[in-house]
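Chemist: Numbering (the UniProt record's numbering), first residue to last: 1 to 219.
Note that CB positions come from ideal geometry on N, CA and C, so glycine has one too.
Dropping a structure here in C-alpha coordinates format, bear with me for questions.
The following block contains the structure:
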(Lines of atoms letter the chains of each structure in order from A and count residues from 1; the text may use other names and numbers.)
(Lines give C-alpha, C1' and ligand atoms only; values in the text may rest on other atoms or scores of the structure.)
Protein backbone atom coordinates (compact mmCIF):
# COMPACT_ATOMS: atom_id res chain seq x y z
CA UNK A 1 0.00 0.00 0.00
CA UNK A 2 1.42 3.24 -1.12
CA UNK A 3 2.34 5.62 1.51
CA UNK A 4 1.09 9.17 1.26
CA UNK A 5 3.78 11.79 0.88
CA UNK A 6 3.99 14.42 3.52
CA UNK A 7 2.77 17.81 2.40
CA UNK A 8 5.55 20.30 1.58
CA UNK A 9 5.80 23.14 4.05
CA UNK A 10 4.46 26.38 2.67
CA UNK A 11 7.04 29.13 2.15
CA UNK A 12 7.14 31.85 4.68
CA UNK A 13 5.30 35.00 3.77
CA UNK A 14 7.49 37.78 2.27
CA UNK A 15 8.58 40.45 4.60
CA UNK A 16 6.34 43.40 4.63
CA UNK A 17 7.71 46.51 2.89
CA UNK A 18 5.23 48.74 4.56
CA UNK A 19 7.63 50.46 6.93
CA UNK A 20 5.08 53.09 7.63
CA UNK A 21 3.32 50.60 9.84
CA UNK A 22 6.19 50.72 12.25
CA UNK A 23 5.40 53.54 14.48
CA UNK A 24 8.36 53.58 16.73
CA UNK A 25 11.17 53.75 14.07
CA UNK A 26 11.98 56.51 11.47
CA UNK A 27 10.25 56.44 8.08
CA UNK A 28 12.48 55.11 5.20
CA UNK A 29 11.89 56.32 1.60
CA UNK A 30 11.84 53.75 -1.22
CA UNK A 31 12.52 56.35 -4.04
CA UNK A 32 16.25 55.49 -4.69
CA UNK A 33 15.46 51.80 -4.91
CA UNK A 34 12.62 52.45 -7.33
CA UNK A 35 14.87 54.64 -9.49
CA UNK A 36 17.53 51.92 -9.59
CA UNK A 37 14.94 49.36 -10.63
CA UNK A 38 13.71 51.67 -13.40
CA UNK A 39 17.26 52.29 -14.76
CA UNK A 40 18.32 48.65 -14.63
CA UNK A 41 16.88 47.74 -18.08
CA UNK A 42 18.63 50.73 -19.67
CA UNK A 43 21.95 49.86 -18.05
CA UNK A 44 21.61 46.24 -19.09
CA UNK A 45 20.87 47.28 -22.68
CA UNK A 46 23.91 49.59 -22.82
CA UNK A 47 26.16 46.94 -21.38
CA UNK A 48 24.86 44.41 -23.93
CA UNK A 49 25.58 46.86 -26.76
CA UNK A 50 29.16 47.51 -25.63
CA UNK A 51 29.70 43.80 -25.10
CA UNK A 52 28.51 43.01 -28.63
CA UNK A 53 30.74 45.74 -30.10
CA UNK A 54 33.75 44.45 -28.17
CA UNK A 55 33.13 40.88 -29.32
CA UNK A 56 32.79 42.08 -32.91
CA UNK A 57 36.15 43.91 -32.68
CA UNK A 58 37.77 40.78 -31.27
CA UNK A 59 36.32 38.64 -34.06
CA UNK A 60 37.48 41.13 -36.70
CA UNK A 61 40.96 41.21 -35.21
CA UNK A 62 41.10 37.40 -35.18
CA UNK A 63 40.09 37.32 -38.83
CA UNK A 64 42.78 39.86 -39.71
CA UNK A 65 45.33 37.90 -37.68
CA UNK A 66 44.40 34.73 -39.56
CA UNK A 67 44.73 36.44 -42.96
CA UNK A 68 47.86 38.54 -42.16
CA UNK A 69 49.89 36.74 -39.50
CA UNK A 70 53.16 38.60 -40.24
CA UNK A 71 51.72 42.10 -40.01
CA UNK A 72 49.74 41.27 -36.89
CA UNK A 73 52.79 39.73 -35.29
CA UNK A 74 54.81 42.85 -36.01
CA UNK A 75 52.07 45.05 -34.59
CA UNK A 76 51.84 42.91 -31.47
CA UNK A 77 55.61 43.02 -31.04
CA UNK A 78 55.63 46.79 -31.43
CA UNK A 79 52.81 47.11 -28.92
CA UNK A 80 54.68 44.86 -26.50
CA UNK A 81 57.79 47.03 -26.89
CA UNK A 82 55.78 50.17 -26.26
CA UNK A 83 54.46 48.67 -23.05
CA UNK A 84 58.03 48.32 -21.78
CA UNK A 85 59.44 51.41 -20.06
CA UNK A 86 62.89 51.40 -21.73
CA UNK A 87 61.77 51.17 -25.39
CA UNK A 88 58.94 53.61 -24.70
CA UNK A 89 61.37 56.23 -23.35
CA UNK A 90 63.75 55.61 -26.26
CA UNK A 91 60.94 56.08 -28.76
CA UNK A 92 59.70 59.24 -27.07
CA UNK A 93 63.21 60.65 -26.88
CA UNK A 94 63.93 59.91 -30.54
CA UNK A 95 60.59 61.11 -31.89
CA UNK A 96 59.30 63.92 -29.72
CA UNK A 97 62.88 64.93 -28.94
CA UNK A 98 63.62 65.18 -32.63
CA UNK A 99 60.46 67.16 -33.20
CA UNK A 100 61.47 69.52 -30.41
CA UNK A 101 64.94 69.91 -31.96
CA UNK A 102 63.42 70.64 -35.35
CA UNK A 103 61.03 73.14 -33.78
CA UNK A 104 63.94 74.82 -32.01
CA UNK A 105 65.88 74.99 -35.30
CA UNK A 106 62.86 76.42 -37.10
CA UNK A 107 62.46 79.01 -34.35
CA UNK A 108 66.16 79.87 -34.67
CA UNK A 109 65.88 80.20 -38.44
CA UNK A 110 62.78 82.39 -38.09
CA UNK A 111 64.60 84.63 -35.63
CA UNK A 112 67.61 84.85 -37.95
CA UNK A 113 65.35 85.64 -40.90
CA UNK A 114 63.67 88.38 -38.90
CA UNK A 115 67.06 89.90 -38.04
CA UNK A 116 68.10 89.72 -41.70
CA UNK A 117 64.90 91.49 -42.72
CA UNK A 118 65.56 94.21 -40.17
CA UNK A 119 69.14 94.60 -41.44
CA UNK A 120 67.85 94.70 -45.01
CA UNK A 121 65.36 97.44 -44.15
CA UNK A 122 68.15 99.42 -42.48
CA UNK A 123 70.41 98.97 -45.50
CA UNK A 124 67.61 100.06 -47.80
CA UNK A 125 67.17 103.28 -45.82
CA UNK A 126 70.92 103.93 -45.82
CA UNK A 127 71.12 103.12 -49.52
CA UNK A 128 68.29 105.56 -50.22
CA UNK A 129 70.08 108.30 -48.29
CA UNK A 130 73.36 107.56 -50.05
CA UNK A 131 71.67 107.66 -53.47
CA UNK A 132 70.09 111.00 -52.59
CA UNK A 133 73.45 112.40 -51.51
CA UNK A 134 75.13 110.98 -54.60
CA UNK A 135 72.45 112.50 -56.83
CA UNK A 136 72.88 115.85 -55.10
CA UNK A 137 76.65 115.56 -55.42
CA UNK A 138 76.33 114.62 -59.08
CA UNK A 139 74.12 117.63 -59.63
CA UNK A 140 76.60 119.82 -57.84
CA UNK A 141 79.40 118.22 -59.86
CA UNK A 142 77.62 118.96 -63.11
CA UNK A 143 77.09 122.50 -61.97
CA UNK A 144 80.72 122.67 -60.87
CA UNK A 145 81.93 121.30 -64.20
CA UNK A 146 79.85 123.90 -65.97
CA UNK A 147 81.29 126.63 -63.76
CA UNK A 148 84.82 125.30 -64.25
CA UNK A 149 84.30 125.16 -68.02
CA UNK A 150 83.00 128.73 -68.01
CA UNK A 151 85.99 129.79 -65.87
CA UNK A 152 88.30 128.02 -68.34
CA UNK A 153 86.81 130.01 -71.21
CA UNK A 154 87.40 133.21 -69.24
CA UNK A 155 90.98 132.17 -68.45
CA UNK A 156 91.66 131.48 -72.12
CA UNK A 157 90.17 134.82 -73.12
CA UNK A 158 92.23 136.62 -70.45
CA UNK A 159 95.39 134.75 -71.48
CA UNK A 160 94.87 135.80 -75.09
CA UNK A 161 94.35 139.39 -73.96
CA UNK A 162 97.57 139.30 -71.93
CA UNK A 163 99.42 137.83 -74.87
CA UNK A 164 98.09 140.65 -77.07
CA UNK A 165 99.23 143.24 -74.50
CA UNK A 166 102.64 141.55 -74.37
CA UNK A 167 102.93 141.90 -78.13
CA UNK A 168 101.99 145.59 -77.96
CA UNK A 169 104.49 146.11 -75.13
CA UNK A 170 107.23 144.48 -77.22
CA UNK A 171 106.45 146.82 -80.15
CA UNK A 172 106.50 149.82 -77.80
CA UNK A 173 109.83 148.68 -76.42
CA UNK A 174 111.27 148.63 -79.92
CA UNK A 175 110.07 152.19 -80.48
CA UNK A 176 111.58 153.38 -77.18
CA UNK A 177 114.91 151.93 -78.13
CA UNK A 178 115.22 154.63 -80.78
CA UNK A 179 114.55 157.51 -78.36
CA UNK A 180 117.53 158.99 -76.50
CA UNK A 181 117.51 160.63 -73.10
CA UNK A 182 116.78 159.74 -69.53
CA UNK A 183 112.99 159.86 -69.94
CA UNK A 184 113.07 157.23 -72.67
CA UNK A 185 115.32 155.08 -70.48
CA UNK A 186 112.89 155.36 -67.59
CA UNK A 187 109.94 154.42 -69.81
CA UNK A 188 111.80 151.40 -71.14
CA UNK A 189 112.45 150.21 -67.56
CA UNK A 190 108.78 150.56 -66.59
CA UNK A 191 107.68 148.84 -69.79
CA UNK A 192 110.09 145.93 -69.20
CA UNK A 193 108.78 145.44 -65.64
CA UNK A 194 105.17 145.47 -66.89
CA UNK A 195 106.00 142.96 -69.66
CA UNK A 196 107.62 140.63 -67.10
CA UNK A 197 104.54 140.87 -64.88
CA UNK A 198 102.22 140.15 -67.81
CA UNK A 199 104.28 137.12 -68.76
CA UNK A 200 104.07 135.77 -65.18
CA UNK A 201 100.30 136.28 -65.13
CA UNK A 202 99.89 134.47 -68.46
CA UNK A 203 101.92 131.50 -67.18
CA UNK A 204 99.67 131.21 -64.13
CA UNK A 205 96.60 131.24 -66.37
CA UNK A 206 98.12 128.58 -68.64
CA UNK A 207 98.68 126.34 -65.59
CA UNK A 208 94.98 126.60 -64.72
CA UNK A 209 94.00 125.63 -68.25
CA UNK A 210 96.21 122.53 -67.99
CA UNK A 211 94.66 121.62 -64.60
CA UNK A 212 91.12 122.00 -66.01
CA UNK A 213 92.08 119.68 -68.87
CA UNK A 214 93.30 117.10 -66.30
CA UNK A 215 89.77 117.09 -64.83
CA UNK A 216 88.49 115.93 -68.21
CA UNK A 217 86.89 119.28 -69.04
CA UNK A 218 87.61 120.59 -72.47
CA UNK A 219 87.86 124.36 -72.85
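Just curious, the alpha helix (DSSP H) that residue 217 is in, first and last residue?
Modeler: One-based indexing of the chain shown puts residue 217 at position 217. From DSSP, residue 217 is part of no alpha helix (DSSP H); its letter is neither H nor E.
Chemist: Any contact of the stretch 166-177 with the stretch 186-205, i.e. 3+ C-beta pairs under 8 Å?
Modeler: In short, these stretches touch, since the Cβ pair count reaches three.
Chemist: Under the assumption that residue 153 contacts residue 202 (Cβ atoms under 8 Å), give the Cβ distance between them as a whole number of angstroms.
Modeler: Numbered from its first residue, the chain shown carries residue 153 at position 153. Numbered from its first residue, the chain shown carries residue 202 at position 202. Actually they do not touch by this definition, with Cβ atoms about 16 Å apart.
Chemist: Going by alpha carbons, who is nearest to residue 193 out of 183, 215, 169?
Modeler: Locating residue 193 in the chain shown gives position 193, counting from the first residue. Ranking the options by Cα distance to residue 193, first place goes to 169.
Chemist: Take residue 209 and list the residues in its own chain whose beta-carbon comes closer than 8 Å to its own, dropping the five residues that flank it on each side.
Modeler: As a first step, residue 209 must be located in the chain shown, where it is residue number 209. Cβ neighbours of residue 209 beyond the five flanking positions: 152, 155, 156, 159, 219.
Chemist: Which value, in whole angstroms, describes the spacing of the CA atoms of residue 220 and residue 107?
Modeler: Within the shown structure, residues of the chain are numbered from 1 to 219, placing residue 220 beyond reach of any answer.
Chemist: Quick one: grab the DSSP three-state call for residue 179.
Modeler: Your numbering for residue 179 matches position 179 in the chain shown. Of the three classes helix, strand and coil, the one that applies to residue 179 here is coil, per DSSP.
Chemist: I believe residue 166 touches residue 134 by the beta-carbon criterion, under 8 Å. Please report the beta-carbon distance rounded to the nearest angstrom.
Modeler: Along the chain shown, read from residue 1 onward, the residue named residue 166 stands at position 166. Along the chain shown, read from residue 1 onward, the residue named residue 134 stands at position 134. Actually they are not in contact, since the Cβ atoms of residue 166 and residue 134 sit about 45 Å apart, beyond 8 Å.
Chemist: Under 6 Å Cβ to Cβ from residue 173, same chain only, skipping five residues before and after it: list those, please.
Modeler: As a first step, residue 173 is located in the chain shown; it is residue number 173 there, counting from the start. Excluding sequence neighbours, residue 173 sits near 191.
Chemist: In angstroms, rounded to a whole number, what distance separates the CA positions of residue 124 and residue 131?
Modeler: For this step, residue 124 is matched to residue 124 along the chain shown. For this step, residue 131 is matched to residue 131 along the chain shown. Taking the straight line joining both Cα atoms gives about 10 Å.
Chemist: Between residue 149 and residue 217, which are expected to be in contact by the criterion C-beta below 8 Å, what is the C-beta distance as a whole number of angstroms?
Modeler: One-based indexing of the chain shown puts residue 149 at position 149. One-based indexing of the chain shown puts residue 217 at position 217. Contact flag correct, Cβ pair sits at about 5 Å.
Chemist: Is it buried or exposed for residue 205, if we count other Cβ within 10 angstroms and need 16 for buried?
Modeler: Looking up residue 205 in the chain shown gives position 205. When all chains shown are included, residue 205 counts as buried.
Chemist: When you compare only the Cα positions, how much space is there between residue 200 and residue 145?
Modeler: The residue given as residue 200 occupies position 200 in the chain shown. The residue given as residue 145 occupies position 145 in the chain shown. Distance between the alpha carbons of residue 200 and residue 145: 26 Å.
Chemist: As a quick exercise: from 109, 215, 103, 117, pick the residue whose alpha carbon is nearest that of residue 147.
Modeler: The residue you call residue 147 lines up with position 147 of the chain shown. The candidate whose alpha carbon is nearest that of residue 147 is 215.
Chemist: What residues in its chain sit with their C-beta under 7 Å from that of residue 24, if we drop five residues either side in the sequence?
Modeler: Translated into positions along the chain shown, residue 24 becomes position 24. Low per-residue confidence applies at residue 24: pLDDT is 41, beneath 50, and the placement is therefore not dependable, though the value from the model is reported in the following sentence. Closer than 7 Å at Cβ, skipping near neighbours: no residue.
Chemist: Can you check whether the C-beta of residue 175 is within less than 8 Å of a C-beta belonging to chain D?
Modeler: Looking at the structure shown, chain D is missing, and only one protein chain is on hand.
Chemist: Looking at residue 209 and the ligand ZN, is the gap between the Cβ and the nearest heavy atom below 7 Å?
Modeler: Among the components modelled here there is no ligand, and therefore nothing to report on the ligand ZN.
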